[in-house]
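The sequence shown maps to residues 664 to 941 in my numbering. Cβ atoms here follow ideal geometry from the backbone N, Cα and C, with glycine treated the same way. Notes for the one structure printed next.
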Amino acid sequence: MGRLYLIGDVQGCDAALGRLLDEVGFSPSRDHAILLGDLVNRGPASAAVLRRMMALGASATCLLGNHDLSLLATAHGQRAPHRNDTMDSVLRAPDREAMLAWLRQQRMALHAHGLLMVHGGVLPQWDLAQVLALAGEVEAVLRGPDLGEFLAQMYGNEPARWDDGLAGADRLRVIVNALTRLRFCTPDGVMDLKADGRADQAPAGLLPWFEVPGRRTAGTPIAFGHWSQLGLLLREDVIALDTGCVWGGCLSALRYDPATGSREVVQVKCEQAQAPGK
Numbered sequence: 664m665g666r667l668y669l670i671g672d673v674q675g676c677d678a679a680l681g682r683l684l685d686e687v688g689f690s691p692s693r694d695h696a697i698l699l700g701d702l703v704n705r706g707p708a709s710a711a712v713l714r715r716m717m718a719l720g721a722s723a724t725c726l727l728g729n730h731d732l733s734l735l736a737t738a739h740g741q742r743a744p745h746r747n748d749t750m751d752s753v754l755r756a757p758d759r760e761a762m763l764a765w766l767r768q769q770r771m772a773l774h775a776h777g778l779l780m781v782h783g784g785v786l787p788q789w790d791l792a793q794v795l796a797l798a799g800e801v802e803a804v805l806r807g808p809d810l811g812e813f814l815a816q817m818y819g820n821e822p823a824r825w826d827d828g829l830a831g832a833d834r835l836r837v838i839v840n841a842l843t844r845l846r847f848c849t850p851d852g853v854m855d856l857k858a859d860g861r862a863d864q865a866p867a868g869l870l871p872w873f874e875v876p877g878r879r880t881a882g883t884p885i886a887f888g889h890w891s892q893l894g895l896l897l898r899e900d901v902i903a904l905d906t907g908c909v910w911g912g913c914l915s916a917l918r919y920d921p922a923t924g925s926r927e928v929v930q931v932k933c934e935q936a937q938a939p940g941k
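If you want it as structure tokens, here you go:
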């Protein structure tokens with residue numbers, strides 16, 4: 664059996680990703696890589712990252728992060744490019760449509776090898792089965808004929824709280840915001856999507872989502888990215904792997920053995936350094 668590698672936010676830093684895979688001796692015929700979202704944007708080579716992942720085929724699984732969804736929204740004319748975006752290598756590529764079609768097939772959440780994996784976070788009201796079911800609702804829309812309509816209504820911070828009765832665009836927006844943008848929320852699960860910073864800098868009344876007492880996924884270890892200011896976090900129940908590659912930090916991989924539970928972190932420095940951002 665090969666090795667399993669969980670990899671944090673790449674954000675278009677293909678050179679660093681290549682060095683990391685070389686460093687661990689990644690073998691597509693033997694090993695499996697799971698990227699925890701934000702494959703693209705801010706770094707210099709988003710198209711190269713997508714092509715690399717596409718070429719790995721079944722040897723890689725990629726989750727969708729907020730920047731990946733931003734690429735889809737921009738490509739479909741539902742989001743104006745941001746001045747800090749670096750997605751033109753995809754948007755102007757001759758194989759643009761192939762890359763976008765591949766991106767639409769990727770996952771919003773994954774439960775495998777005893778781990779629940781998302782890009783951002785999980786609301787405390789959701790148990791494991793509900794996380795996967797709700798992620799599946801978004802995945803179905805991403806792959807279906809109503810993609811443009813969905814992307815047009817995807818952005819916004821409201822509703823800030825989950826309700827099982829939510830429907831339509833509001834329902835999908837809460838799911839996307841939690842799975843790709845969440846850092847802090849109130850103890851009863853109201854998201855604050857503007858709050859940022861370190862976990863110990865939580866604004867009054869807020870907690871890191873994974874610290875909420877009574878969180879219904881507490882019995883399942885969760886791996887995620889998205890939160891570069893949180894940095895590397897390795898607890899029995901929580902694995903955070905966004906170590907700020909594109910902001911001048913490292914790109915991190917966790918070599919994980921589901922059979923023994925052993926964990927080993929491998930990091931490479933990133934040549935790309937931008938001012939801190941989201």
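Over what stretch of residues does the alpha helix (DSSP H) that includes residue i continue unbroken?
i    : result
S709 : 709 to 719
F813 : 810 to 815
H730 : 729 to 738
L763 : 759 to 767
On a CA-only basis, which of the options is nearest residue i? Give me that one, please.
i    : options                : result
A881 : F873, A679, R715       : F873
A903 : N820, H782, R879       : H782
A743 : L814, L778, A832, V853 : L814
M954 : V703, M762, E760, L856 : Outside the shown range of the chain (664 to 941) lies residue 954, about which nothing can therefore be said.
N729 : D672, L896, D855, R666 : D672
S733 : R759, A723, D701, A764 : D701
A708 : R666, A756, A736       : A756
C848 : A832, A867, L719       : A867
C933 : R666, L683, Y668       : L683
Just to confirm the assignment, what range does the beta strand (DSSP E) spanning residue i have?
i    : result
V928 : 926 to 932
M780 : 778 to 780
T724 : 723 to 725
H695 : 695 to 698
A916 : 913 to 919
A862 : Counting along the chain, A862 falls outside any beta strand (DSSP E), and DSSP gives it neither H nor E.
L669 : 667 to 670
A678 : Careful: A678 lies outside any beta strand (DSSP E), inside the alpha helix (DSSP H) at 677 to 686.
For the putative contact between residue i and residue j, defined by C-beta atoms under 8 Å, what is the C-beta separation to the nearest angstrom?
i    : j    : result
L914 : C725 : Contact doesn't hold; Cβ gap of about 15 Å is too wide.
D905 : H889 : 6 Å
G912 : S891 : 7 Å
E899 : P921 : The Cβ separation is near 14 Å, so there is no contact.
M817 : V837 : Their Cβ separation, rounded to whole angstroms, is 11 Å, which puts M817 and V837 out of contact at 8 Å.
R844 : L835 : Contact doesn't hold; Cβ gap of about 13 Å is too wide.
Have a look at residue i and residue j and give me their C-alpha separation to the nearest angstrom.
i    : j    : result
F689 : W789 : 35 Å
A772 : V794 : 7 Å
A792 : L786 : 13 Å
P822 : L754 : 31 Å
G940 : D731 : Reliability fails at G940, whose pLDDT of 45 lies under 50, so the model's placement of it is uncertain and the value that follows must be treated cautiously. Computed Cα separation, rounded: 16 Å.
H739 : A710 : 17 Å
E800 : V853 : 21 Å
L631 : A841 : Here the chain covers residues 664 to 941 and nothing more, so residue 631 does not appear.
A938 : W910 : Confidence at A938 is low in this model, with a pLDDT of 43, below 50, so the placement of that residue should be treated as unreliable; the coordinate-derived value is given next. Cα to Cα, the separation comes out at about 6 Å.
A721 : M762 : 16 Å
L917 : I670 : 6 Å
Across which residues does DSSP place residue i in a beta bridge pair?
i    : result
D855 : F847
L896 : A903
F887 : A903
L773 : M780
Is there a C-beta anywhere in chain B that falls below 8 Å from the one on residue i?
i    : result
G868 : The chain labelled as chain B is not found in the depicted structure, where only one protein chain is given.
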